[in-house]
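What follows is a set of notes on a single structure, which appears directly below.
2 protein chains.
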Amino acid sequence: MTERYTLTFQPGDVVVADVPRGESVLRAAMQADLHINASCGGSGSCGKCRIQIIAGEVESERSSKLDDDEWAEGIRLACRTRVLSDVEIFIPETSRMGNAAVLERELRGERKGRLLNPAELESLVTGWTLDPVVKKLCMQMTPPSEGDNLNDLARFKKALKDNFGLAKVSVDSVWIRNMPHVLREHDWQVTATVVDTSYGYKVIELESGSYCDRDFSVVMDIGTTTVWGQLLDLNQGTTLAQASRYNKQISYGDDVISRIVFSQKPNGRETLQQAIVDTINEIVDELVQKSGVEREQITHMVAAGNTTMTCMLVGIDPKYLRMAPYVPPADFIPPVRAVNLGAGIKVGRHVHVHTFPSVASYIGGDIVSGIVGSGIFDSEQITLYIDIGTNGEVVIGNREWLIATSCSAGPAFEGGGIKHGMRATDAAIETVRIDGVTYEPTLLTIGDTKPIGICGSGIIDAVAELLRAGVLSQNGKFDMSLPSPRLRETEGANEFVLVEAEFSGTGDDIVITEADVDNLVRAKAAIFAGIMTLLESVALDWADLEQIYVAGGFGKHLRIEQAQAIGLFPQVDMDKFTFVGNGSLLGARLVSFSKDMLKAAEQVARMMTNVDMSDNQMFMDRYVAAMFLPHTDMTYFPEMEATLAARAGRGR
Amino acid sequence: MTERYTLTFQPGDVVVADVPRGESVLRAAMQADLHINASCGGSGSCGKCRIQIIAGEVESERSSKLDDDEWAEGIRLACRTRVLSDVEIFIPETSRMGNAAVLERELRGERKGRLLNPAELESLVTGWTLDPVVKKLCMQMTPPSEGDNLNDLARFKKALKDNFGLAKVSVDSVWIRNMPHVLREHDWQVTATVVDTSYGYKVIELESGSYCDRDFSVVMDIGTTTVWGQLLDLNQGTTLAQASRYNKQISYGDDVISRIVFSQKPNGRETLQQAIVDTINEIVDELVQKSGVEREQITHMVAAGNTTMTCMLVGIDPKYLRMAPYVPPADFIPPVRAVNLGAGIKVGRHVHVHTFPSVASYIGGDIVSGIVGSGIFDSEQITLYIDIGTNGEVVIGNREWLIATSCSAGPAFEGGGIKHGMRATDAAIETVRIDGVTYEPTLLTIGDTKPIGICGSGIIDAVAELLRAGVLSQNGKFDMSLPSPRLRETEGANEFVLVEAEFSGTGDDIVITEADVDNLVRAKAAIFAGIMTLLESVALDWADLEQIYVAGGFGKHLRIEQAQAIGLFPQVDMDKFTFVGNGSLLGARLVSFSKDMLKAAEQVARMMTNVDMSDNQMFMDRYVAAMFLPHTDMTYFPEMEATLAARAGRGR
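Just so you know, the sequences run in chain order X and F.
Everything in the first sequence is counted per my numbering, starting at 1 for the first residue and increasing by one.
Everything in the second sequence is counted per my numbering, starting at 1 for the first residue and increasing by one.
Encoded structure:
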């Protein structure tokens, strides 16, 4: 575990606890809503984020922006200074934003929703026991003798029954073929790898000798954009390594629709299958390398993906997924051999891949997995589960009932359709604060480098901050009358300059346009309307939601209050929010550890009702009503209403 | 059906009924125990079998042995004359054997056991309905619509349930992959090929359109020496074609032991598997060609074979079959894909091969199949089933219980270990009569050609006749004092010349030696002792046997009274004997037609108890006692005892 420290900022004795060793002071301060000027995304090039170290140990780069005297006095750039102990820090007035920032901090406090660490995420679901659907069983068999000449196969099955209580065992034909040799090679000491199927146990691997102490699986979240994998220890119930790669299918289309179109070209389906198999192979390579586990000791794989990704992995024709009446090819796909997918996933030929059942064309196995991984399937609390990507999937329910929908949010939350939008990777602006007086932004980028664009959470932050600062009106238009050089008109369109060219990594200005704002509004309106429609379909209201789980890589950087400010999430108690990160991967992990969880996933898929939002008039009404910042009906957002009223009261 | 005629032989008004059109007069006469001289095996070269046609239509070759006058008088060679209507025939005195032949005929009468025609064989088992374990199901599915967007897979399963009542359906992954396309190609009209497994139904093939009217299977008896195949119409329950080939494994050893030895050499197992697959492919080629059925319309295969043959077909290591404690590798082998065997049986990739379960190393699926095919599994009558080949397998029981054993008979019944022995193919002597006065033989060969050797039934015939004629003593020695030039000593060993060089196809004499007789005696003693031991193990006697079924290609040419004469079979009522021919093939046929019969086969394998004759003192005692012609204890063979006593009384 990384050590964690407490920072104390002056003036004001503002304490920020639980800061991991090596975190930059700038980032720690912003997480605590302590604003320090910064224009260059934390790359050290603007020199605005001067701080003074009063006590404690830090490591810091010498900057050309600081002279020798300043350095001697402990002046540092907050963005280039990393904490190595508890530290006390003074923020000079020159580095502070206008007083609006303090007002905001008081107003917004520390309420951020539960951002869980990996151990907490893996403990979200309890009540399962380590009993994998695929497992190794070791046993010493009794050799045949004159008085006991039961045949090898029946003897083996009897041993499985006597030792482990397994009934209805079938044996993969390759092992029937080699059984006589394998059983005798190590004097009837054998290791059987067994999968529990709907029709009994199937022996998929048989080894001479005893190998039960090394038993591993690979679980994956097959995202349209990113594929995540984990290597699990099936004996210990632990995660040994994690890795991710972009889905190589991106070369053939950014979203599922364009990939389905590509799949209909000659060899399209095969090409796409091979692309995802290549991606998985790279991940498996990295997992094996990181963990030191031998590839041959991997006995099982689990893959969670949306309906299209699952189809493409297994090689199912996805053509009709995008054609009315939007009929998926399959719900429950039987486990497939990993080596049979495309040119083969590079694991043992006995390794099967379990996929998650899908519910509808746009409610896939990834959502089913998320409902399992987040524990909603077993919770009595009425829960809202939101997985925000190109499609925002929304689920409401608990252990008794589940309804789900998919909202065509568009790619804005992934940086798509945004002039300087980009995926949440290095050099993407992920955090934005706008001073309410000067309208000057403070920015942080992923990797603390010069910004080259803005990712989903950065866009939400920027729009929320511009709205709070009065730069942006509730109908998404810039107030061009404000005295800021950052507000300008370019080729007839209004825009706000977030980063000036001299501080950007591209050498050009990075801006947010009214068109960007409009795209974001459409995206958030679709999700909000989807939630509203689902709620109304079961006669519930916001207040009835006892938990709100936000899933997706997106969620990691997202701040609830900013999402509420733009009207993406309802304004309910922040304590109800939990960020579960990659919920699909959590579910895949559980399913590999516990066959009860596999059954739970099947049960979730069966009980989940899909509510189709296309041609749904209630949805259309809610959507139109949500096309405002945060909403046409401000009673949904009392806090934002107060904020905006306060700003108006302060003279504008 | 071939027309059948009645022949009347003069003098004596001997009527022979039920002679098929085209049968030779010589063969018809010998079947009725009417002896006509013939030394050349029915090849037309000795000219001894002169007859005169009195009335009726025949077709006959002109022979150089007959002059114009004789031809004009209706004199013909019986071996070269084929019946085309009811015929009256006069046998001149010159063509008749000595009077002993008449005596014999009166004594032996018409009692031959039931020799069933194909239709009768196929009707041995009743009470099953045509309900194949693999079948095609055609249906018109309801397309999805806005209000009914069930996914393709679930829709397909629902249609199978609604139309055919099928529950627990799984679908081969290749068809899940292509299902969206296949379902829609012919407007949701589909043909599913479904196999009924122990865990539910599995869809192994899915076609657009309707093809249920053409549905065929290939069933096989995989013999160590010969492989038989039939092509069946699964809709009609009929046999469309039959074909056979020598098992190409013969190149690697004549018997199962030598093949198991070969299998342990480098690539031995693969070589043997490919040899049988090549054999099967030739048979399938011929079946397809003969029947006009398209290869793609074959949906199922069934293979019955002994334990070693089954192992080698499936590719199982047979090594331990021949090593104590003689443990078979498997009892119930799950169906395997035909294309996965060796380089592949040339049928559709969906075609599965069902094999029969084995009971022990030397009681294999062929015997299980024979018990099903002959109807013993469903009979209340206590039945003895004998399948005579290299190993004589013997089963006793009924629907309630079954015990079985395998007797190491050796290859004598297949012509092995016999000086001029050969397999039952063209030019093999299959029928022998010895005149009790002149000791002259009358011979028939398979194919009515000049003899080149003698097959199993011919050897039994020859030994029985030599015994009856007093040429051979009960301890298997020739009476060299008899006045016959056919009895001679060559290189210190006594022998009987069956065919003189001038009438043989090899240009050499064909003889039977005392060593040949000894080998035959050992073989028949092993089987007789096996039957005795089994009977005694269940406290039964010969008289308790209500039916005796003789299986094997061997059985077709065998005459019960001759087998009884040498002591192979007990002397019980001939009406109890039935020749079932290839019982394994009959069973394989039933199993392909009816899944109830497949279950019956599994049940037979489970209930059959193997009695091991190695190290069995009771068996050894019975074996030694049977090393005599017909037996040391003549009370078992009262008829032969009387025959031999009568001969002794006639004074030699």
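Virtual Cβ for every residue (Gly too), placed ideally from N, Cα, C.
Report back the beta-carbon spacing between Ile460(F) and Ala563(F) to the nearest angstrom; my notes put them in contact at under 8 Å. Here residue 460(F) corresponds to residue number 460 of the second sequence, with the count starting at 1. Here residue 563(F) corresponds to residue number 563 of the second sequence, with the count starting at 1. For a cut-off of 8 Å, the C-beta gap from Ile460(F) to Ala563(F) is around 6 Å, short enough to register as a contact.
Skipping 5 residues on each side, what residues in its chain have a beta carbon closer than 8 Å to that of Leu384(X)? As a first step, residue 384(X) must be located in the first sequence, where it is residue number 384. Val394, Val395, Ile396, Ile531, Leu545, Gln547, Ile548 and Tyr549, listed in sequence order.
Tell me which same chain residues have a C-beta within less than 6 Å of the C-beta of Gln571(F), skipping the five on either side of it? On the second sequence, position 571 is the one that residue 571(F) refers to. Excluding residues within five positions, the ones whose Cβ falls inside 6 Å are Gln564, Phe637 and Glu639.
Should the stretch 243-259 of chain X be called in touch with the stretch 213-229 of chain X, which here means at least 3 C-beta pairs below 8 Å? With a cut-off of 8 Å, the stretch 213-229 of chain X and the stretch 243-259 of chain X count as touching, because enough Cβ pairs lie within range.
If Asp317(F) sits next to Pro180(X), beta carbons under 8 Å apart, how far is it from one beta carbon to the other, in whole angstroms? Numbered from its first residue, the second sequence carries residue 317(F) at position 317. Numbered from its first residue, the first sequence carries residue 180(X) at position 180. 5 Å between Cβ atoms; contact.
Just tell me which of Ala119(F), Glu93(F), Gly74(F) and Thr438(F) has its CA closest to the CA of Val580(F). As a working note, residue 580(F) is residue 580 in the second sequence. Nearest of Ala119(F), Glu93(F), Gly74(F) and Thr438(F) to Val580(F), Cα basis: Ala119(F).
Please list the segments of the beta strand (DSSP E) lying wholly inside the stretch 510-542 of chain X, counting only runs of 3 or more residues, in order along the chain. Positions of the beta strand (DSSP E) runs, each at least 3 residues long and wholly inside the stretch 510-542 of chain X, are given as 510-513 in order along the chain.
Near Glu296(X), what residues of its chain come up, given a Cβ to Cβ distance below 7 Å and the 5 sequence neighbours on each side ignored? Stepping through the first sequence from its first residue, residue 296(X) is reached at position 296. Shown here for Glu296(X): same chain residues with a beta carbon closer than 7 Å to its own, the five before and five after excluded, namely Gly348 in chain order.
Count Cβ pairs between the stretch 397-409 of chain X and the stretch 365-384 of chain X that sit closer than 8 Å; are there 3 or more? Yes: at least three Cβ pairs fall under 8 Å.
Pick out whichever of Gln264(X), Tyr211(X) and Glu270(X) has its Cα sitting closest to the Cα of Glu294(X). Here residue 294(X) corresponds to residue number 294 of the first sequence, with the count starting at 1. Distances from the CA of Glu294(X) to each of Gln264(X), Tyr211(X) and Glu270(X) were compared; the closest alpha carbon is that of Tyr211(X).
Taking its Cβ as the centre, do 16 or more other Cβ atoms sit within 10 Å of Arg606(X), making it buried, or is it exposed? Counting from 1 along the first sequence, the entry for residue 606(X) is found at position 606. So Arg606(X) counts as exposed.
Could you pull the DSSP bridge partners for Ala659(X) from this structure? No statement about residue 659(X) is possible, as the shown extent of chain X runs from 1 to 652 and does not include it.
Is it buried or exposed, Val203(F), if we count other Cβ atoms within 10 angstroms and call 16 or more buried? On the second sequence, residue 203(F) is found 203 positions in, with the first residue counted as 1. With at least 16 other beta carbons inside 10 angstroms of its own, Val203(F) counts as buried.
Determine, using beta carbons only, whether Pro20(F) comes closer than 8 Å to chain X. Indexing the second sequence from 1 puts residue 20(F) at position 20. Not an interface residue.
Applying the criterion that 16 or more other CB atoms from any shown protein chain within 10 Å of the CB defines a buried residue, is Pro441(F) buried or exposed? As a working note, residue 441(F) is residue 441 in the second sequence. Flag for Pro441(F) reads buried.
Using beta-carbon positions only, say whether Asn610(X) and Val359(X) come within less than 8 Å of one another. As a working note, residue 610(X) is residue 610 in the first sequence. As a working note, residue 359(X) is residue 359 in the first sequence. Contact: yes.
What first and last residue would you give for the alpha helix (DSSP H) that runs through Glu207(X)? Reading the first sequence from its first residue, position 207 is the one you call residue 207(X). Counting along the chain, Glu207(X) sits inside no alpha helix (DSSP H); it lies in the beta strand (DSSP E) bounded by residues Gly200 to Ser208.
At 9 Å on the CB atoms, spell out the chain F contacts of Val314(X), in chain order. Within the first sequence, the letter at position 314 stands for residue 314(X). At a beta-carbon threshold of 9 Å, the residues of chain F lying near Val314(X) are Ser173, Ile176 and Arg177, ordered along the chain.
Does any residue of chain X have a CB that is nearer than 8 Å to the CB of Glu146(F)? Numbered from 1 along the second sequence, position 146 holds the residue referred to as residue 146(F). Output row for Glu146(F): interface = yes.
Taking a cut of 7 Å between CB atoms, which residues from the stretch 333-346 of chain X lie near chain F? Within the stretch 333-346 of chain X, the qualifying residues are Ile333, Pro334 and Val336.
Reference Gly42(F); option with closest CA among Ala428(F), Pro266(F) and Phe478(F): Working through the second sequence from its first residue, we reach residue 42(F) at position 42. Selected option, being the one with the closest Cα: Ala428(F).
Identify which residue in Gln617(F), Pro335(F) and Val25(F) has its Cα closest to the Cα of Leu653(F). Here chain F covers residues 1 to 652 and nothing more, so residue 653(F) does not appear.
Strictly under 8 Å for the Cβ-Cβ distance: is Val134(F) near chain X by that measure? Position 134 of the second sequence, counting from 1, holds the residue named residue 134(F). It does not: the Cβ of Val134(F) has no partner Cβ on chain X nearer than 8 Å.
Is there a Cβ from chain X that is less than 8 Å from the Cβ of Gly200(F)? Taking the first residue of the second sequence as 1, we reach residue 200(F) at position 200. Chain X contact via Cβ: present.
Assign Glu59(F) to one of three DSSP states: helix, strand, or coil. Working through the second sequence from its first residue, we reach residue 59(F) at position 59. Glu59(F): strand per DSSP, three-state reduction.
Could you tell me the distance, in whole angstroms, from the CA atom of Pro334(F) to the CA atom of Leu520(F)? In the second sequence, counting from the first residue as 1, residue 334(F) sits at position 334. In the second sequence, counting from the first residue as 1, residue 520(F) sits at position 520. Between Pro334(F) and Leu520(F), the C-alpha separation is close to 39 Å.
Gly392(X) (DSSP reduced to helix, strand or coil): What you label residue 392(X) is simply residue 392 of the first sequence in a count that begins at 1. Three-state result, Gly392(X): strand.
Determine whether the beta carbon atoms of Pro92(F) and Arg62(F) lie at a separation below 8 Å. The count along the second sequence starts at 1 and reaches residue 92(F) at position 92. The count along the second sequence starts at 1 and reaches residue 62(F) at position 62. The answer is no: Cβ separation not under 8 Å.
Who pairs with Glu88(F) in a beta bridge, going by DSSP? Translated into the one-based positions of the second sequence, residue 88(F) becomes position 88. Looking at the DSSP output, Glu88(F) sits in a beta bridge with Thr8(F) and Ala55(F).
Please list the terminal residues of the continuous alpha helix (DSSP H) segment that includes Gln289(F). On the second sequence, residue 289(F) is found 289 positions in, with the first residue counted as 1. It spans Gly268 to Ser291 - the alpha helix (DSSP H) in which Gln289(F) sits, taken as one unbroken run.
Contact list for Lys319(F) against chain X, beta-carbon separation under 8 Å: The residue given as residue 319(F) occupies position 319 in the second sequence. Correct list: Pro180 and His181.
Here's the rule I'm using: 16 or more other beta-carbon atoms within 10 Å means buried, otherwise exposed. How should Glu106(F) be labelled? The residue given as residue 106(F) occupies position 106 in the second sequence. Residue placement at Glu106(F) cannot be trusted, given a pLDDT of 36 that sits under 50; what the coordinates show is reported in the next sentence. Around the Cβ of Glu106(F), a 10 Å sphere holds fewer than 16 other Cβ atoms; the residue is exposed.
In angstroms, rounded to a whole number, what distance separates the CA positions of Thr307(F) and Ile388(F)? As a working note, residue 307(F) is residue 307 in the second sequence. As a working note, residue 388(F) is residue 388 in the second sequence. Distance from the CA atom of Thr307(F) to the CA atom of Ile388(F), rounded to whole angstroms, is 16 Å.
Using a C-beta to C-beta distance shorter than 7 Å, which residues of chain X count as neighbours of Ser170(F)? By 1-based counting over the second sequence, the position of residue 170(F) is 170. What Ser170(F) touches in chain X: Pro334.
Interface residues of chain F around Asn391(X) at Cβ under 7 Å? Along the first sequence, read from residue 1 onward, the residue named residue 391(X) stands at position 391. None at all; the shortest Cβ gap to chain F is about 17 Å.
Compare the Cα-Cα distances from Phe356(X) to each of Val591(X), Asp596(X) and Arg155(X) and report the closest residue. Start at 1 with the first residue of the first sequence, and residue 356(X) comes out as number 356. Closest in C-alpha terms to Phe356(X), from the list Val591(X), Asp596(X) and Arg155(X), comes Val591(X).
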